[in-house]
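For the sequence shown, the residue numbers in the UniProt record's numbering are 1 to 541.
Cβ atoms here follow ideal geometry from the backbone N, Cα and C, with glycine treated the same way.
Working notes for the structure below.
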Amino acid sequence: MGKTTPRTPMPTMIGKYEVIRSLGAGAMGEVFLAHQAAIGREVAIKTILPTVARGEEAEGRFRREAAAAGRLSHPNLVTVFDFDKDGDTLFLVMEYVKGDDLEALVRTRALAHAQFLEVLAQVCDGLEHAHRNGIIHRDIKPANVRVLRDGQRILAKVMDFGIARVEDSSLTATGIVMGTVSYMAPEYIRGGHATAQSDLFAVGVMLYECLTGRKPFAGDNTTTILFKIVSEPPPPIDLGELRGISPRIRAVLDRVLAKDPAARFQTADELAKALRACKDPSWTGTLDEATALISRHQAALAQDDGTVRMAPPPAAPATVAAPAPAGPTAQVAALPAPASPEGHAGRNAVLGALGLAAAGGIAWFTLRPAAAPATPPAPAALAPAGAAPAARPGPEPAGPAPSAKAEAAPAPPPAPARAVPPEPARAEAPRPAESPARRITGLLAADPRQAAAEAKAAVAQDPGNAELQGLYLAALYRGRNAWDFEKALVRAQGAGVTVARMISASAPFKAAMAEESRLQKTNPGAAVLPEEVLRKVLDAL
Ligand SMILES: Nc1ncnc2c1ncn2[C@@H]1O[C@H](COP(=O)(O)OP(=O)(O)OP(=O)(O)O)[C@@H](O)[C@H]1O
């Protein structure tokens, strides 16, 4: 975050290193420029506040993580030289990188778009090396990227591998630094587990920021930001903001910011290639102009790598970063396998439905500092591949309403042709043989209102089908608290969803409702539908 206020008087020595000056302070401690006399080189030393690394266990963890980071050697990663202790202060010695934080460069709009893309591609090069060595960064953000410029040449280096997540007074109540929260991947928020794809999501957030100067998931408190990450597409990018890059950037953004990690780029290398392909210097016009140009070469593009598809006019409105709804298979697979066709089918369907419905709403309840999760990650069914994006409470519509994508799309200016969302699966019409459950599952994320309408009809046709009941419930619940869920239950019950009555009548659910009413008195808007309650409700069924 590039904080620059030192917390403590500057030491003259740290271990065997002579301190030259402070480079800035972060959440965990301060960073100093220092001199290593024995070899005559300058180094950066990151001190870790004693309050942050309290106890042998924390110290051991820091040591292990520093050792793991120290084994990485790549031009796009800041090299870790040493890790030691001076008095009660732990410190990390690393390569000193002149230049600027990417955060400052984004703030000042100091680079051209194509240069930002090159920076991010190099970040991916570094990440690829780390991922291949089994190390996930978990805190990728602009403040952790240093950028050196030498004329037209650019060198980006990723800092702070594996040494970032701990609690101290400057952290929020959830144990996560505000600045960092904006870069957390949906699956990390839901399950507390970061993977290589989570690092790539963070690169996607940086990409959006580099292109627009704004964060894709903004809010004035942690909860809002987390909720948006899990449930909402980022605001569409104003096309006029983009210059000098290929329209393929739409496809890259869509894919890298997909809520479902499986829908993202699978390796950092793949993302690096996609980013570099977008910074073709021949693209000098706005994205709209470039899109028009591309449309004239539609046939050639169709044989390209499949990331951009031009629609025949009139095309669907462009969405720069609409959520990637999980495909039917992914969401169906999120339901636990029934132990017996009849016995647990209803429970399982409801479990899946609750997961789909509540993944956004309960996101912050499942937050844990990554270093020490207080509870195990949510099961697959509670952390579905694609959270339903429409989280605003509201009554079931009489008929189909604009899809989530359409809501997110900018008012399309007249343009000769425009790119449609890139993933072929999304553009395809449903297959004729698709079962109602599959179709509704596929619709849940993209168009929950339509999903509700279709599920209602399907339940009426097949009243005993627990899966359809669960899906109908999932489609109805677009709120984020027990009260909204209660409304969905009442509506579902009226339409013949028998499990809705069982849930309403269950003691844990009643307790959640009572607790929420109590909380609302002191904290209007408070929501009570934590994962624990869902589990208890389901256990009671
Ligand atoms: N190896 C380095 N070379 C040069 N400058 C560095 C190096 N490491 C950190 N800095 C700079 O020191 C300052 C503080 O870094 P620090 O990592 O503590 O901050 P941060 O990333 O903003 O904080 P945090 O991630 O802990 O919230 C930043 O401006 C950062 O760019």
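Within the chosen limit of 6 Å, ligand 1 reaches the beta carbon of LEU23 through at least one heavy atom.
Here ALA53 has GLU59, PHE62 and LEU90 as same chain residues with Cβ atoms under 6 Å from its own Cβ, once five neighbours each way along the sequence are excluded.
According to the DSSP secondary-structure assignment, VAL203 is paired through a beta bridge with no residue. The alpha-carbon of ARG41 is positioned some 15 Å away from that of LEU92. For TYR183, same chain residues with a beta-carbon under 8 Å away, outside a window of 5 residues either side, are ASP139, ILE140, LYS141, PHE201, ALA202, VAL205 and MET206 in chain order. Exclusion of the five residues before and after ALA457 leaves no residue of its chain whose Cβ lies closer than 7 Å to its Cβ.
With fewer than 16 other beta carbons inside 10 angstroms of its own, ALA460 counts as exposed. Taking a C-beta distance under 7 Å as the contact criterion, ALA25 and CYS124 do not qualify as a contact pair.
ALA492 places its beta carbon 7 Å or farther from that of LEU468. Between LEU471 and ALA455, the C-beta spacing is below 7 Å. A distance criterion of 6 Å places the beta-carbon of TYR17 beyond contact range of ligand 1, judged by its closest non-hydrogen atom. Rounded to whole angstroms, the gap between the alpha carbons of SER246 and CYS278 is 5 Å. In the DSSP assignment, ARG149 is bridged to ILE154. Within the region 233-261, the complete alpha helix (DSSP H) segments of 4 residues or longer fall at 248-256, listed in chain order.
At least one heavy atom of ligand 1 falls within 6 Å of the beta-carbon of GLY26.
In this structure, LEU23 is the residue among ASN465, LEU23 and ALA196 with its C-alpha nearest to the C-alpha of ARG146. The Cβ atoms of GLU95 and VAL78 lie closer than 7 Å to each other.
Annotation for SER231: no beta strand (DSSP E) segment contains it, though the alpha helix (DSSP H) segment containing it runs 222-231. Assigned with DSSP and collapsed to three states, LEU72 falls in coil, not helix or strand. Shown here, LEU471 sits in a helix according to DSSP, grouped into three states.
When ALA104, VAL252, ALA185 and LYS259 are compared, the shortest CA-CA separation from ALA274 is found for VAL252. Judged by beta-carbon spacing, ALA452 lies within the 7 Å limit of ALA475, meaning their Cβ atoms are closer than that value. Remark: the C-beta of ASP199 is outside contact range of ligand 1, defined as less than 6 Å to any heavy atom.
In this structure, the beta-carbon distance from ILE45 to ALA38 does not fall below 7 Å.
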